[in-house]
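Below you'll find the structure, written out as structure tokens, and then a few comments.
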Amino acid sequence: MNNELPNDTTVASLDRRGLLRIGGLTAVSAVVVAACGKTEAGTVGRVGEGGQTPVLADAIVNDGVLLRTMAGIETSIAAAYGHILEGGFLSKASATLPDLGDQSELVAIFQAHHVVAAETFNALAVEAGAEPWLCGNTRLDDAYITPIFERIEQGIPATDTTLKIEPSDDPTRDYVNLVHTLESMAASSCQALVPVVTSAAIRFTSMQIGVRSARQAALIALRIFPGGYVAGVGESVVAETDATTTTAAEGAAPAATAIPLPFALPARFGLLSPTTFIGGAGDENGVRLKFNFETPSLNSLAYPFYSCP
């Protein structure tokens, strides 16, 4: 037997397929050799010149920050009352509260108190080494008061998914309830300030202002709901029978959300819990605007790196 291959076999093995197979093997070998070879890391490429990472100021909460915050809250309340009084809403009759009467003069007195309170808190802030805060609290204005004004006076326009919400069915009712809400929040905010400041003089002044706001809240509550002095022991702050609402006729739109009537003394001690405001006209489901007004928190404080807009 002859072990040598014939010449035609050798030639045939070098056809196009064979050449491709040899070329692929060569490429793979080159990759392996390159991977096993010595490499050195170069400089990372970059386009342009990046700036330094900004360093944010520390959000330190001290007496000055707390006093600036309270000054802003008092200013916001005074400005809100100015808007209500300029619109003449409290001098108009209320269909929901027919015995309410004109409360414009009373609210003007409330407004003067909050103007003085803002000046007092700013004076204390300066004594504490902080800059005075000469405008309203931006969080309170933007997230609460302004949306309430818009809902009461303008309503909400229709969108692709929701129907139009009409302006309030009783602006006088809504605005006098807003006055009670703001007075209650002001009293709670002063009460919450007392244990967190370091100066006895600040505590004393805060208590003085808070007591005045609490009395104003009680007074306007009695104007809204005469006889509503005290919530009973074990009784909800808002009794089910003490709410203004309407009943929908069969086949009509849903009844609007009930608006609770306030008590002059909602609890035995001053409350730090949120004060709820419900107002405006109901939407297609009868749901009115609802906000919980709370004492200042970290997202509403007037830090030193904030300034009035």
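Here the sequence shown is numbered in numbering that gives the first Met the number 0, starting from 0 and rising by one per residue.
Ideal Cβ placement from N, Cα and C applies to all residues, glycine included.
Since this is a predicted model, take the numbers as computed values, not measurements.
Practice task
Return helix, strand or coil for Gly278, following the three-state DSSP convention.
Solution key: strand
Problem - Of the residues Ile219, Leu55, Gly269, Ile72, the one placed nearest Ile144, counting alpha carbons only - result: The residue with the shortest Cα to Cα distance from Ile144 is Ile72.
Handout entry: Closest by C-alpha distance to Ala255, when choosing among Ala94, Asp168, Trp132, Ala117
Key = Comparing Cα positions, the closest option is Asp168.
Handout entry: Complete runs of the alpha helix (DSSP H) confined to the segment 118-182 [at least 4 residues]
Key = 145-152
Practice task
Please classify Pro308: is it buried, with 16 or more other beta-carbons within 10 angstroms of its beta-carbon, or exposed?
Solution key: exposed
Problem - Three-state secondary structure assigned by DSSP to Ile59 - result: Judged by DSSP in its simplified three-state form, Ile59 adopts coil rather than helix or strand.
Exercise for the section: With a 10 Å radius around its C-beta and 16 neighbouring C-beta atoms as the bar for buried, classify Ile164 as buried or exposed. Expected result: buried
Handout entry: Top-ranked residue by Cα proximity to Leu133, from Ala117, Leu139, Thr161
Key = Ala117
Handout entry: First and last residue of the uninterrupted beta strand (DSSP E) at Leu288
Key = First-last of the beta strand (DSSP E) with Leu288: 288-292.
Handout entry: Other residues of its chain near Lys91: CB distance less than 8 Å, five sequence neighbours each side excluded
Key = Pro170, Thr171
Handout entry: Span of the alpha helix (DSSP H) around Leu221
Key = For Leu221, the enclosing alpha helix (DSSP H) starts and ends at 199-223.
Problem - Val114 vs Ala77 beta-carbon contact at 8 Å - result: Yes, these two residues count as a Cβ contact at 8 Å.
Exercise for the section: Can you grab the Cα-Cα spacing for the pair Ile108 / Gln215, in whole Å? Expected result: 10 Å
Handout entry: Cβ-based burial, Tyr228 [other Cβ within 10 Å; buried from 16]
Key = exposed
Handout entry: Among Val175, Thr158, Thr161, Glu130, the one whose alpha carbon lies nearest that of Ile147
Key = Val175
Exercise for the section: Given a cut-off of 8 Å, decide if Ala220 and Pro261 are closer than it, judged by their beta-carbon atoms. Expected result: yes
Practice task
Report the three-state DSSP secondary structure of Leu66 (helix, strand or coil).
Solution key: helix
Handout entry: Exposure label - Phe290; buried when at least 16 CB within 10 Å
Key = buried
Handout entry: Beta-carbon contacts of Ile83 that lie in its chain and below 8 Å, excluding the five residues immediately before and after
Key = Leu89, Val106, Tyr174, Leu177, Val178
Handout entry: Local conformation of Pro194 per DSSP, three classes
Key = helix
Exercise for the section: Using a threshold of 8 Å, state whether the C-beta atoms of Leu123 and Ile208 are closer than that. Expected result: Cβ distance not < 8 Å, so Leu123 and Ile208 don't count as in contact.
Practice task
Determine which residues share a DSSP beta bridge with Val229 and list them.
Solution key: Its beta-bridge partners are Leu264.
Practice task
Under 7 Å Cβ to Cβ from Asp309, same chain only, skipping five residues before and after it: list those, please.
Solution key: Nothing can be reported for residue 309: it is not among the residues displayed for the chain, which extend from 0 to 308.
Practice task
May I have the straight-line CA-CA distance separating Ser75 from Gln102, to the nearest angstrom?
Solution key: Each residue's Cα considered, the two are about 20 Å apart.
Practice task
Report, in whole angstroms, the separation of the C-beta atoms of Leu309 and Arg150, which I expect to be a contact under 8 Å.
Solution key: Look at the range of the chain in this structure, 0 to 308, and you will see that residue 309 is not part of it.
Handout entry: Distance between Ala217 and Pro194 (C-alpha atoms, nearest Å)
Key = 24 Å
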